[in-house]
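Asker: Chains as they are written, first to last, in my numbering: chain L, 17 to 299; chain H, 591 to 853.
Just so it is clear, CB atoms sit at the ideal spot from N, CA and C, and this is done for glycine as well.
Please read these numbers as outputs of a predicted model, since none were measured by experiment.
First the structure, then my questions, so here it is.
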């Protein structure tokens with residue numbers, strides 16, 4: 017199946033796109049095309065709900081999960097990381113719901129605990145931390161066709177989730193009481209959304225990297241807000257901006273030989289500042 | 591379907607036969623009792639205003655009725671035709687929408703999110719859009735359909751939320767201090783719209799308000815609340831009651847009288 021993708025790319029005028037060349041680049045490009053819209057969709061709601069700090073913390077929770085998985089001897093600790101970050105997301109939502117602390121404080125507490133625990137567990141017995149570096153920076157170029165297939169399934173699941181639950185999530189984000197008067201349980205929808213973000217972040221962590229993953233969520237949505245007046249435009253522009261910066265950033269990183277994740281984000285931030293300057297024209 | 595619902599209710603009532611009964615409502619938060627033994631009968635076609643000092647538990651009562659916070663006691667809706675009583679369908683206009691003014695959510699998005707199965711960012715069917723426009727026209731706000739929520743004035747937003755609360759038509763409409771952040775004209779327009787809707791759709795309305803001047807002109811009944819129900823009756827009855835004098839400081843009454851309210 018992946019061969020069809022390689023064939024399609026041969027029409028491009030790039031040397032790496034030619035037959036038999038740079039397979040990793042072609043894989044990465046396909047991965048970016050699947051990953052960026054997925055993150056852009058989830059990101060629209062993260063920005064609506066002022067959850068940028070929260071999604072950042074989820075990455076930290078996932079990191080601890082990886083460390084625990086490593087300790088328990090899994091070669092692929094993603095499974096344990098997903099379980100742990102789901103638990104982590106649920107706990108944050110629960111404590112936020114049950115107490116009157118600001119969510120900033122609660123997330124701060126959880127986030128730092130998670131990172132400390134992750135580093136602590138992975139260095140027990142004087143082990144080196146270096147093997148976890150790949151989770152911090154991430155490497156999209158290392159993605160395999162099998163993993164791309166998995167990403168495709170993930171994208172479909174997120175799309176289905178977005179079709180089914182978006183309206184109710186939007187109401188909860190606009191006003192919890194209003195949502196409540198229409199029989200929507202604010203708490204469970206917050207949990208549901210947190211869990212969706214937790215899974216997406218955790219699964220993609222090894223390709224995008226903990227340090228920059230949050231930008232994939234927040235930047236396209238933040239830029240789209242500058243030019244949108246309704247939810248349809250908001251979604252449209254978030255997806256377009258994320259795809260554009262993903263594709264352009266990846267190709268640029270090939271030619272100027274830089275880390276792909278950060279190049280993508282720099283393109284993405286460029287879009288943010290341009291749209292920010294133009295925002296009054298769209299207001 | 592929905593229309594039939596109105597008509598049957600209108601034909602059968604209009605005499606306050608259908609009614610929402612709130613019985614023995616109590617709310618305790620932590621160890622502090624906020625409300626104790628609140629009993630109210632809200633009749634169709636009547637605007638019942640709830641007044642009381644700050645901290646009287648007015649907003650708590652609304653939240654308890656909405657089921658947002660747990661409470662003791664029961665709430666039931668008794669139908670005019672003697673049909674089985676049930677939990678009332680509620681419409682709610684929140685105190686104020688704390689909106690992120692940059693949020694890209696249009697009035698249409700808000701309605702579609704409430705009524706449509708398709709997500710608001712996908713296709714909008716022409717039928718749905720027309721129906722939203724019709725709902726907005728009930729509160730004279732059809733021209734606002736494509737506006738961003740953040741770009742609406744306080745009065746405009748309040749009318750949009752009112753239209754939203756009437757879709758679908760509720761058994762009980764709850765208005766939580768809909769007067770804050772609205773100028774005098776917007777305020778009068780809002781109250782007039784509410785009164786008109788009450789007559790047209792034979793609605794039961796509970797209104798929590800601080801603005802005694804305004805409320806006294808539009809309310810059919812008034813409830814003085816301070817932890818429990820202290821006085822119920824017509825606005826004049828309540829405003830002249832012993833409890834009212836006790837609850838509100840003299841200062842406040844003077845202010846109210848000097849603005850033209852007659853004792």
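1) Should the segment 281-296 of chain L be called in touch with the segment 155-164 of chain L, which here means at least 3 C-beta pairs below 8 Å?
2) Tell me, to the nearest whole angstrom, how far the beta carbon of residue 794 of chain H is from that of residue 762 of chain H; I am working on the premise that it is less than 8 Å.
3) Show which residues of chain H have a CB atom less than 9 Å away from the CB atom of residue 193 of chain L.
4) For residue 62 of chain L and chain H, any beta-carbon pair shorter than 9 Å?
5) Spell out a yes or no on whether the segment 44-63 of chain L and the segment 260-275 of chain L are touching, meaning 3 or more CB-CB pairs, one atom from each, closer than 8 Å.
6) In terms of residues, what are the limits of the alpha helix (DSSP H) holding residue 122 of chain L?
7) Per DSSP, residue 637 of chain H forms a beta bridge with which residues?
8) Do you know offhand how far residue 594 of chain H's Cα is from residue 204 of chain L's?
9) In angstroms, rounded to a whole number, what distance separates the CA positions of residue 146 of chain L and residue 153 of chain L?
10) How big is the Cα-Cα spacing for residue 828 of chain H and residue 118 of chain L?
11) Should residue 701 of chain H be listed as close to the ligand SAM, given that the test is whether its C-beta is under 8 Å from any heavy atom?
12) If you draw a straight line from the C-alpha of residue 560 of chain H to the C-alpha of residue 663 of chain H, how long is it?
13) Can you pull the chain H neighbours of residue 196 of chain L, defined as C-beta to C-beta under 9 Å?
14) Indicate whether at least one CB of chain H lies closer than 9 Å to the CB of residue 43 of chain L.
15) What's the C-alpha gap between residue 834 of chain H and residue 814 of chain H?
16) Between the segment 706-719 of chain H and the segment 182-197 of chain L, do three or more beta carbon pairs fall short of 8 Å?
17) Counting only beta-carbon separations shorter than 9 Å, does residue 678 of chain H have a partner in chain L?
18) In terms of DSSP beta bridges, what is residue 53 of chain L paired with?
19) Excluding the 5 residues flanking residue 661 of chain H on each side, which residues of the same chain have their C-beta closer than 7 Å to its C-beta?
20) Leaving aside the five residues before and after residue 640 of chain H along the sequence, list all residues of the same chain whose C-beta is less than 6 Å from its C-beta, in chain order.
21) Output yes if chain L places a C-beta closer than 9 Å to the C-beta of residue 738 of chain H; else output no.
22) Of all Cβ atoms in chain H, is any one closer than 9 Å to the Cβ of residue 204 of chain L?
23) What does DSSP give as the partner residues of residue 682 of chain H in its beta bridges?
24) Does the beta carbon of residue 595 of chain H come closer than 9 Å to any beta carbon on chain L?
25) In the DSSP assignment, find the unbroken beta strand (DSSP E) run with residue 658 of chain H in it and report its ends.
26) Using the C-alpha atoms, what's the distance from residue 86 of chain L back to residue 201 of chain L?
27) At least one CB of chain L closer than 9 Å to the CB of residue 755 of chain H: is that the case?
28) Whose C-alpha, out of L:211, L:234, L:228 and L:138, is nearest the C-alpha of residue 279 of chain L?
29) Could you check where the beta strand (DSSP E) with residue 611 of chain H kicks off and where it finishes?
30) Report the start-end ranges of each beta strand (DSSP E) in the segment 673-745 of chain H that is 3 residues or longer and not cut off at the edges.
31) Tell me, which residues are paired with residue 814 of chain H by DSSP?
32) Give the residues from the segment 99-114 of chain L that approach chain H closer than 8 Å (Cβ to any Cβ), ordered along the chain.
33) Less than 9 Å between the C-beta atoms of residue 698 of chain H and residue 246 of chain L, yes or no?
34) Under a CB-based cut-off of 9 Å, is residue 690 of chain H close to chain L?
35) Can you tell me which of H:620, H:680, H:748 and H:623 puts its alpha carbon nearest to the alpha carbon of residue 199 of chain L?
36) Tell me, please, which residues DSSP counts as bridged to residue 623 of chain H.
Answerer: With the given structure in hand:
1) no
2) 5 Å
3) The contact set of residue 193 of chain L on chain H, defined by CB atoms closer than 9 Å, consists of 652, 653, 656, 658, 682, 684, 685 and 766 in chain order.
4) Among the CB atoms of chain H, none fall inside 9 Å of the CB of residue 62 of chain L.
5) yes
6) Where residue 122 of chain L is concerned, the enclosing alpha helix (DSSP H) stretches over 119-138.
7) H:795
8) Bear in mind that a pLDDT of 40 at residue 594 of chain H, under 50, signals an unreliable position, so the model cannot answer this.
9) Whole-angstrom Cα-Cα distance: 12 Å.
10) 40 Å
11) With respect to small molecules bound, the structure shown includes none, and the ligand SAM cannot be examined in it.
12) This structure gives no information on residue 560 of chain H, because the portion of chain H shown stretches from 591 to 853.
13) Near residue 196 of chain L (Cβ distances below 9 Å), the residues of chain H are 653, 656, 657, 658 and 682.
14) no
15) 7 Å
16) yes
17) Residue 678 of chain H does not count as touching chain L.
18) Answer by DSSP bridge pairing: none, since residue 53 of chain L is not bridged.
19) 615, 616, 617 and 654
20) 648, 798, 813 and 815
21) Yes, its Cβ sits closer than 9 Å to a Cβ of chain L.
22) no
23) H:764
24) For residue 595 of chain H, the pLDDT reaches just 44, beneath the cut-off of 50, and the residue's location in the model is therefore unreliable, although a value from the coordinates is still provided. It does not: the Cβ of residue 595 of chain H has no partner Cβ on chain L nearer than 9 Å.
25) From DSSP, residue 658 of chain H is part of no beta strand (DSSP E); its letter is neither H nor E.
26) If you take the alpha carbons of residue 201 of chain L and residue 86 of chain L, they lie about 37 Å apart.
27) yes
28) Considering only alpha carbons, the answer is L:228.
29) 609-619
30) Inside the segment 673-745 of chain H, DSSP marks whole beta strand (DSSP E) runs of 3 or more residues at positions 680-683, from first to last along the chain.
31) H:641 and H:821
32) Among the residues of the segment 99-114 of chain L, none has a Cβ less than 8 Å away from any Cβ of chain H.
33) Yes, Cβ-Cβ distance for residue 698 of chain H and residue 246 of chain L is below 9 Å.
34) yes
35) H:680
36) H:618
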